[in-house]
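Dropping the structure here:
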């Protein structure tokens with residue numbers, strides 16, 4: 026698997042990696058309610074709740090800035106981290 030080789034190379038260079046198979050999780054699509062804009066949390070209770078705490082730390086790296094603020098995307102929910110990203 027090509028992705029596995031990429032992760033192995035990143036690990037050899039000292040990176041912490043984790044392969045998350047989205048297809049093995051029950052993740053519902055956004056319903057556009059914008060609750061995450063109001064309170065920083067998604068009201069949809071699915072497997073994504075377990076993944077938010079893994080995604081929030083990524084927002085701390087400015088080199089990963091993909092200009093989502095230029096689009097109409099909400100901040101990542103602050104579940105488990107105590108940090109609201111805006």
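Residue numbers (this note's numbering): 26 to 111. Note that CB positions come from ideal geometry on N, CA and C, so glycine has one too. Keep in mind it's a predicted model, so treat the numbers as computed, not measured.
Give me the Cα-Cα distance between residue i and residue j, rounded to the nearest whole angstrom.
| i | j | result |
| --- | --- | --- |
| residue 51 | residue 37 | 31 Å |
| residue 69 | residue 44 | 23 Å |
| residue 32 | residue 46 | 14 Å |
| residue 26 | residue 49 | 17 Å |
| residue 59 | residue 35 | 36 Å |
| residue 61 | residue 72 | 16 Å |
| residue 63 | residue 39 | 38 Å |
| residue 80 | residue 55 | 16 Å |
Going by C-alpha distance, which of the options is nearest residue i?
| i | options | result |
| --- | --- | --- |
| residue 42 | 74, 77 and 29 | 29 |
| residue 53 | 60, 40, 63 and 67 | 67 |
Where does the unbroken alpha helix (DSSP H) through residue i begin, and where does it stop?
| i | result |
| --- | --- |
| residue 73 | 73-80 |
| residue 30 | 27-37 |
| residue 41 | Unbroken run through residue 41: none, as it is neither H nor E. |
| residue 64 | 60-64 |
Can you find a CB in chain C that lies within less than 8 Å of the CB of residue i?
| i | result |
| --- | --- |
| residue 41 | The question asks about chain C, but that chain is absent: this structure has only one protein chain. |
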